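Take any residue in the sequence shown, note its place counting from 1, add 38, and you have its number in the numbering used here. The structure under discussion appears below in the form of structure tokens.
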Amino acid sequence: MELEQVANLENQEPSMTEQYAAARLLLRDALKATGRVYLSYRFDDHFFSLSENEKLSLLDGIRRWSHLMLDFVAHNGNPKNTKDLVRYYLSRLNVTIPSAFIEQIQDGDIVEIYGSDSKRLFFNPELFDYSSYAPDVMFSKQWWNLYERNTDISAKIQKMAYATFMGLNKIPFRPGLPVHKVKEIRSQGRYESDVEIKLMSPVNAGDTIVGVAALERFTMLTALTHAHIHS
């Protein structure tokens with residue numbers, strides 16, 4: 039083989055399949071760093087049905103989350119300390135959440151941050167304890183496409199999120215929603231939980247609202263038996 043051909047092969051970008059496989063391995067390492075193992079049944083080919091831009095966005099989401107966890111642990115962070123983890127995430131991205139939100143975080147709480155496209159930007163690793171979704175679904179679907187829940191409650195959440203992005207909710211607020219059931223729509227585990235949304239808040243980059251944070255408490259109700267078998 040000509041030297042030029044060898045050089046061209048070496049300079050080729052990895053295929054999307056190779057990049058996705060590498061991202062999954064990175065996620066496995068990140069979960070291991072938080073004291074978790076990756077569930078073997080969490081394989082989903084949803085990734086391959088996405089557009090090129092959606093695939094790149096998904097890969098970026100998995101890498102960002104995984105590197106965040108690995109770097110946090112490498113800096114002697116305790117992944118169970120959600121307050122410190124949220125602060126670390128905010129400092130890395132140069133975004134802010136009012137301290138009144140962060141101070142309300144308790145052990146066992148779930149913190150999720152969603153962007154203007156209603157897809158996850160951040161969540162603490164405890165969410166994996168209540169989710170059987172493959173990463174290509176967790177990082178690419180809007181929240182209403184992840185869970186079945188009462189339609190009135192979903193509509194209220196959407197309305198509050200929209201109002202927050204419009205700048206009408208400038209400080210953390212209690213959404214006033216009842217504890218309600220959520221069930222995974224398209225996962226093998228089909229986990230079902232009770233969820234309490236305790237607090238919501240804008241996430242800011244300077245004067246721009248770039249996300250909505252939710253402070254939640256999950257209680258597992260049901261899951262398929264095989265969903266508890268770890269790889």
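Glycine included, every Cβ here is placed at the ideal spot set by N, Cα and C. Keep in mind the model is a prediction, meaning the values are calculated, not measured.
Here residue 254 carries a strand assignment [DSSP, helix/strand/coil]. Under the three-state reduction of DSSP output, residue 70 falls in the helix class. At a Cβ-Cβ threshold of 8 Å, residue 72 and residue 136 do not count as neighbours. Rounded to whole angstroms, the gap between the alpha carbons of residue 249 and residue 51 is 32 Å. Within the model, the alpha-carbon separation for residue 100 versus residue 190 is close to 31 Å. In the three-state reduction of the DSSP assignment, residue 94 falls in the helix class. Ranked by Cα distance from residue 95, the first of 133, 126, 54 and 106 is 54. As the crow flies, the alpha-carbon of residue 91 is around 32 Å from that of residue 188.
Within the same chain, and ignoring the five residues on either side of residue 178 in sequence, the residues whose Cβ sits closer than 6 Å to its Cβ are 96. With respect to the C-alpha of residue 234, the residue from 195, 207, 225 and 153 having the closest C-alpha is 195.
Per DSSP, residue 204 has no beta bridge partner at all. Membership of residue 158 in the beta strand (DSSP E) is indicated by the continuous run 158 to 161. Distance from the Cα of residue 152 is smallest, within the candidate group 239, 62, 258 and 58, for 239. A distance of 8 Å or more separates the beta carbons of residue 253 and residue 180.
If you look at residue 243, you'll find it in the beta strand (DSSP E) that goes 230 to 243. By the Cβ-count criterion, residue 209 is exposed, with fewer than 16 other Cβ atoms from all chains shown falling within 10 Å of its own Cβ.
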